[in-house]
Amino acid sequence: MQEKEKKAAVLAPSGTLRAAINLGNAVLAGVTDKGALKGVTVDLARRLASELGVPLELIACQAARESVALVSGGKADVGFFAIDPQRSGSGIAFTDPYVLIEGCYAVRRDSPLQANVDVDAEGIDLVVGQGSAYDLHLSRTLRHARLVRAPSPRAVLDIFLEAGYPVMAGVRQQLEKDRDHVPGLRLLPGHFMVIPQAMGVPQARGQEALAYLQGFIESCKLDGFVAQSLDRHGMRGVSVAPVGEWLAA
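Encoded structure:
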């Protein structure tokens, strides 16, 4: 059996690579005007399927928790996830990250909140996307503010506006887009976290599957594929993760 066939047998045992695509993170994936999936995660899935020599099935998910359920349950072969300690027992094996994304806060222009540290205070209700990387992070780190969980990251803005909550969290690029389209919003300076985004494979596939996927991600960073994809999709301010160096290791 050739090397490509060995990799395909481990990563796509059904003969088709099933990739879970999380539409809840606008930096990583979206939908074209014609309804087709697009984004760096879609590009990575297509390249992986091409290298394996198998067809590709893209499975659209509206939130990270849906992707987690698909991959951990073996109903998808690969997915794209934020690395978080809470997901260590999820049944998914993660590669090193391919991009690093900033988690930020947005408030109304007349809000008294001026810095990220101001958010964790009594009486502050903070809207997050349920199960998102920043939800998991803030659930561990906040001591005083109360989290209000929207069913998906895409619903955060509507709930923030309709209910009059003082703060919402999200990835920088989505919040900047919201700010540009909704009068009276501003982002707090800096970021409250850096979100490492990785690929994942069902843990039950074993170390061989993870090693193959890790090698794939490293090659995509090394040859500029990830950077070119981000640029092609207009994703500014997103850092390609260092090659061969996981910052949280």
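Final position of the sequence shown in this note's numbering is 1086; the numbers increase by one with none missing. No residue lacks a Cβ here, since even glycine has one placed at the ideal position from N, Cα and C. In this text, all values refer to a predicted model and were calculated from it rather than measured experimentally.
Looking at the DSSP output, L1024 bridges to A943. Between the segment 982 to 991 and the segment 940 to 953 there are fewer than three C-beta pairs closer than 8 Å, too few to call the two in contact. In this chain, the alpha helix (DSSP H) harbouring A970 covers A970 to T978. If you keep only unbroken beta strand (DSSP E) runs of at least 3 residues inside the segment 905 to 943, you get 916 to 919. Three or more Cβ pairs closer than 8 Å define a contact, and the segment 838 to 847 falls short of that threshold against the segment 873 to 880. For E894, the uninterrupted beta strand (DSSP E) run begins and ends at L893 to C898, by DSSP. As DSSP reads the structure, P1039 sits in a beta bridge with I929. For L889, the uninterrupted alpha helix (DSSP H) run begins and ends at V877 to L889, by DSSP. If you draw a straight line from the Cα of A866 to the Cα of K875, it is about 6 Å long.
Nearest to G1007 by C-alpha distance, out of G861, Q899 and L893, is G861. In the DSSP assignment, the residues bridged to A856 are L895 and V915. Contact check for F1053 and E888: beta-carbon distance about 7 Å, within the 8 Å limit, so the pair qualifies. The bridge partners DSSP lists for A1006 are Y942.
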